[in-house]
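Trainee: Pasting a structure here, questions to come.
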Amino acid sequence: MLGSLLLLLSCGGALLGAAPDNKGRCSTWGAGHFSTFDGHTYDFSGTCNYVFAAVCKDAPSTFSVQLRRGPGGNISRIIVELGASVVTVQDAVITVKDVGVVSLPHTSNGLQITPFGQSVRLLAKQLEMELVVMWGPGAHLMVLVERKYMGKMCGLCGNFDGEKTNEFLSEDGQLLEPHKYAAVQKLDDPNEICAYEAIPSPRLLQAEHAQACLRLLTLVAPQCTVPQEPFLLSCQADMAACTEPGRPNCSCATLSEYSRQCSVAGQPVSSWRGPDLCSVGQCPANQAYRECGETCVRTCSNPRHSCSSFCTFGCFCPEGTVLDDISKNHSCVPEPQCPCMLSGVVYAPGEVTTAACQTCRCSGGHWECEERPCPRRCALEGGSFVTTFDARPYRFHGTCTYVLVQSPQLPGGGSLMAAFDKSGYSHSETSVVAVIYKSSQDKIVISQDEVVTNNGDTKWLPYKTRNITVFRQTSTHLQMVTTFGLELVIQLWPVFQLYITVGPQFRGQTRGLCGNFNGDTTDDFTTSMGIAEGTASLFVDSWRAGNCPAALERETDPCSMSQLNKVCAETHCAVLVQKGTVFENCHATVDPKPFYKRCVYQACNYEETFPHICAALGDYALACASRGVLLQGWRNSVDNCSIPCTGNQTFSYDSQACDHTCLSLTDREAECHPSAVPVDGCNCPEGTYLNHKSECVRKAQCPCLLDSHRFILADQSTMVNGVVCRCVNGRLSCRARPQMLLATCSAPKTFQSCSQSSEDKFGAACAPTCQMLATGTPCVPTKCEPGCVCAKGLYENASGQCVPPEECPCEFAGISYPRGAELHTDCKSCTCLNGTWSCQQSTHCPSTCSLYGEGHVVTFDGQRFVFDGNCEYILVTDGCNASDSQPTFKILTENVVCAKSGATCSRAIKILLGGLSIVLADANYTVSGEDPGVHFRVKAGSLHLVLDVTIGSAYNLTLTWNKHMAVFIKVARASQDPLCGLCGNYNGNMKDDFQTRSKYLASSELEFVNSWKESPLCGDTTFALDPCSLNAFRRSWAERKCSIINSQTFAACHGQVYRLPYYEACVQDTCACDTGGDCECLCDAVAAYAKACVDKGVCVDWRSPDFCPVYCDFYNTHVQRGSELQYTQQANCTWHYQPCLCPAWPQSVPDNIEGRVLRSRQGDVRAMQ
């Protein structure tokens, strides 16, 4: 019986188990056992360098894996070549070309090198190729390739044509013996002539070894259906060649390979290893050995990932526990005992941390946070940058007075306004020149030249009214404090900037350029007429407090005008993002990249370069100080930003007037007010006080102020209301309370001049307009303007006509709508009444998240970011709370490298719906599984694939995929349960969209993106360089091609969708896309803006025969036959391209997209593909 068994085994190999994910699998193990892609097994122990597996025939992507063994049979070197990338493994040291020696896990340029149980796995993913190489422990090497390479492979792994009988064919078609074929695969190193000559020797098989091996293989996997015969032969050969023949440990390599192949085939394996049989060694901490453990380890930071990979042997956490990767002590803990991390600090379960506006408790590895009522700040910085109370940033260039804050919380109908004026020659060189607070009692103006007036009268500082105090906090900052919850900090140098803080009682009760303070950033552009605009300039224009020209947006990058200015700006602003600078201390708290972009823009846009660079650097330092990180010494570390102090004053990064001026001793209510934002500047040293001569003196030398202008010197006396008062230490001992001082016109229009005899000294600057009527704010002009003014009781509309107030039109997107007009936009139904919009919000409005181009994301709440990640990431999922065991749905993007610069893009979209999964890849879709609670419909067209999904009564999802790199996810939900992932939390507030998997707000998009990796085997993504800087020669071409977004082609959309982010994304992608398909990247980027326009009801016909053409005529000459389109000579000429369905009424069609349409002979649209 045994003899016949041995005879059977000596007749050749057998077909091994199927490879995972329908891939071809080749491996080698032990001292020279091989299993080819087609399942043929043979032995070869050559010690030269050999091609293990390579693409030898025409294929979209090529690669090669090379192998060298040492004299003892162990693998001494592995080389993996993929285009320009080369990975070398030698003596357990991994080296990557152009990178050097790397540690694990490592991710770069499309390569992921990570631990995989006891092995190491290299995963290479590109748009058209996926390769897996695994090695270790011992002499094990495995390669997994896609089925599309069948018949195109060569090397020791064979030709992968599905036939194992023709595995060893020579180039002339002759069948060779295995050792002769293997010798042909030799590939010597430079200057090497390897002289190894393979001499086949017959296997000496012994009966007792066969029985021992059969027993051991059965012990490994008693129920495995993978054929044992090849491994029985290899096991016997191992035992015969062993230094102590017959010992079970001699066959560990073969037993491990059999266990691997059973696991790959999905067959059960037993925990067969022991201290005396192929032991894995001592496991760290409380981990335990498992033969079939999940390679994607569940961790405290990612306890609910999914990982499509076979199991492997090694040390794993016991059931019911996860790996504590936060404490990094290799221990396993129950999930509720997981610690949390915040800003690099580890917090124990149950520990509480308190921030400015929230209290967070660590629970099971994630944060449970509770918001508290809190003041909010609005900032006007850099001459043209505004950040609203709800943290929405925008930029505009205007020359007018604008309403910043209106609120019923401001007494006497108060309004806070800012005056902007030109500060240079170009239209974009505008700056804040004054801030105005106007109420029924006061009109306080604080100008950039430090002059303070009230109702036109100049005041000395500190200046006090009934409920307002204005004083100098430092040499560079003034401050206005009130008793009604408004505070204003004014930066005087180097650029005039404003910081407005309001108390929590203002929540939901503000309007103006600072937004409405309701926690929802999406409606911050609500105009004075009550409707949300799509662009900043139109929103800003609605809040003009005078008859001024419209605000402008700079369409081009100011740095593009001068390469010298660009280099200067980037060089000086780079200190914000560079390592090793004082600013690095704050990188983990405040993301520096937005401030860097703003700094470069200011430096190029304004003629006075260095003041604006210093202002931008100071803005970042202030943001850090507001978060508790004081950047001491930053001004001295950069050029031209130090503040000189006069006299014996000293500079401080956190300064205040209180107890540093003699006036603060005389009247503490005048100058002793803390600042809501930390301010720097010059003040007197501790123990000294600034007197009326700007000298720092001791307290005993301080004078006292009396009757608004009279100083009483130290130790002198005076009579006050019949009482003798003496000045002691800056205070009058009588405790008296001193008061302190700080042409021709068409009827019904008439001409208003600027002559002194004119009734209105400001002329036409305060001409009544419908726009000003909508703001409800009195005119606050900065200078007189002659011109034509409507007669009393009439208001000028946008067309220049004089109308009564009830006939004032409403404005939206640059278009005037008459009284009674209705508008349906963004889930709102609005009616025009008396010049303002009266809007009703629809319930359960859907929102859309976009992923397009090379990693550009727009969240549900409108937050934008870009990332270069090479992994699977969760775009959106529900079940975000810790108590939710399984999500109802999850949408993933698989991002791969698609440019030499390392830029990545989406290769596939995976939708997981309970038991149902849908994959969008390779311009097609596949469906697997089923779920009774899910209903879906697919509409596949020529340019797009639209997937509609209904999940019970909870969610309606619509995914629009362009069959390439872009997907648009529209979600309508029945409840307000939070969502999470890269698409944000869908709560209307973009400022908290960077919420990590652990439920805390990340300081940067990189930290946020890395937390949403689906597989923990992927390395973290890192900051990517600007592709236009890497490919400078492509910049001008990219800017020229992408300028179509700024051109008249899209003019109808410019007022609806802010174009600058789309233009910048287009330039970035067009620069980066350097591995083929250059125009495809360009067209995808422009199409993303066109899609945003269509979503706003603007259909733009932007394609042309020489710019991103669409070949719809193909469908007139080809007909569907089965799964293929075949040519026919009978052309029907019925298919045509349209930029959207129903171009005249684009909003009448839900989920409107471009594509090919079928027209009948009468011209009506019959179908859309």
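For reference, each letter of the sequence shown is one residue, going -18 to -1, 1 to 1151 in mature numbering (1 follows the signal peptide of the UniProt record, and there is no 0). Where is the CB? At the ideal position from N, CA and C, for every residue including glycine.
Report yes or no: do the region 227 to 236 and the region 10 to 29 share at least 3 C-beta pairs separated by less than 8 Å?
Mentor: yes
Trainee: Closer than 6 Å by C-beta to E333: which residues in its own chain qualify, once you throw out the five before and the five after it? Chain order, please.
Mentor: Closer than 6 Å at Cβ, skipping near neighbours: C344.
Trainee: Along the chain, which unbroken stretches of the alpha helix (DSSP H) at least 4 residues long are found entirely within the region 1001 to 1049?
Mentor: Along the region 1001 to 1049, the alpha helix (DSSP H) occurs as fully enclosed runs of 4 or more residues at 1009 to 1012, 1014 to 1024, 1033 to 1036, listed in sequence order.
Trainee: What are the boundary residues of the beta strand (DSSP E) that includes residue 1197?
Mentor: Past the edges of the chain, shown from -18 to 1151, lies residue 1197, and the structure says nothing about it.
Trainee: Quick check on DSSP: helix, strand or coil for G31?
Mentor: The sequence as given places Asn at residue 31; Gly does not occur at that position. The answer is strand: DSSP assigns N31 an E or B state.
Trainee: Apart from the five residues on each side of it in sequence, which residues of its chain come closer than 7 Å, Cβ to Cβ, to V115?
Mentor: When the five nearest sequence neighbours on each side are left out, the beta carbons in the same chain lying within less than 7 Å of the beta carbon of V115 are those of V47, V62, L104, V125, in order along the chain.
Trainee: Count the CB pairs spanning the region 1030 to 1048 and the region 1060 to 1075 that are closer than 8 Å, and state whether there are at least three.
Mentor: yes
Trainee: Alpha carbon to alpha carbon, what distance is there between S519 and E535?
Mentor: 7 Å
Trainee: Closest to D80 by CA distance: which of T932, G745, K5, S883 is it?
Mentor: S883
Trainee: Name the one or two DSSP bridge partners that G769 has.
Mentor: Q734
Trainee: Shortest alpha-carbon distance to V848 belongs to which of F298, P656, G837?
Mentor: G837
Trainee: How long is the line joining the alpha carbons of L558 and E566, rounded to whole angstroms?
Mentor: 7 Å
Trainee: Going by beta-carbon coordinates alone, are L93 and V75 separated by less than 8 Å?
Mentor: no
Trainee: Answer yes or no: the CB of T435 versus the heavy atoms of the ligand HEM, is any distance below 7 Å?
Mentor: No copy of the ligand HEM appears in this structure; indeed no ligand is present at all.
Trainee: Tell me E239's beta-bridge partners as DSSP assigns them.
Mentor: E239 pairs with nothing; no bridge assigned.
Trainee: Is there contact between the region 773 to 781 and the region 530 to 545, where contact requires at least three CB pairs shorter than 8 Å?
Mentor: At 8 Å Cβ cutoff, the stretches do not touch.
Trainee: Give the DSSP-derived three-state secondary structure of K446 in the structure shown.
Mentor: Three-state DSSP puts K446 in a strand.
Trainee: Are I951 and V839 touching if we call contact CB-CB under 8 Å?
Mentor: no
Trainee: Specify, as a first and last residue, the run of the alpha helix (DSSP H) that residue 1167 falls within.
Mentor: Summary: the structure shown does not reach residue 1167, with the chain confined to residues -18 through 1151, and so no result is reported for it.
Trainee: Helix, strand or coil for R650, going by three-state DSSP, please let me know.
Mentor: helix
Trainee: DSSP on E804, reduced to helix/strand/coil?
Mentor: strand
Trainee: Please confirm whether I891 and T875 have their CB atoms less than 8 Å apart.
Mentor: yes
Trainee: Kindly identify the DSSP beta-bridge partner or partners of T225.
Mentor: Note: T225 sits in no beta bridge, so no partner.
Trainee: Here's the rule I'm using: 16 or more other beta-carbon atoms within 10 Å means buried, otherwise exposed. How should P257 be labelled?
Mentor: exposed
Trainee: Could you tell me which of T503, Q958, R526, G528 sits nearest to G516, measuring between CA atoms?
Mentor: T503
Trainee: State the beta-bridge partners of Y419 as determined by DSSP.
Mentor: L398, I426
Trainee: Three-state secondary structure (DSSP) at E469?
Mentor: strand
Trainee: Is the distance from the Cβ of V385 to the Cβ of A527 below 8 Å?
Mentor: yes
Trainee: Sort E432, A121, F19, Y583 by Cα distance to P53 and report the nearest one.
Mentor: Closest in alpha carbon position to P53, among E432, A121, F19, Y583, is A121.
Trainee: With H, G and I counted as helix, E and B as strand and the rest as coil, what does DSSP make of S233?
Mentor: helix
Trainee: Do E789 and R801 have their C-beta atoms within less than 8 Å of each other?
Mentor: yes
Trainee: Locate the alpha helix (DSSP H) running through Y583, then write down its first and last residues.
Mentor: Counting along the chain, the alpha helix (DSSP H) containing Y583 begins and ends at 575 to 587.
Trainee: Out of V661, Q614, Q683, which has the shortest C-alpha to C-alpha gap to T648?
Mentor: Q683
Trainee: Since residue 1154 and A401 should fall inside the 8 Å C-beta cutoff, what is the C-beta to C-beta distance between them, to a whole number of angstroms?
Mentor: Residue 1154 is absent from the model: the chain starts at -18 and stops at 1151.
Trainee: Give a yes or no on whether the C-beta atoms belonging to V611 and R359 are separated by under 8 Å.
Mentor: no
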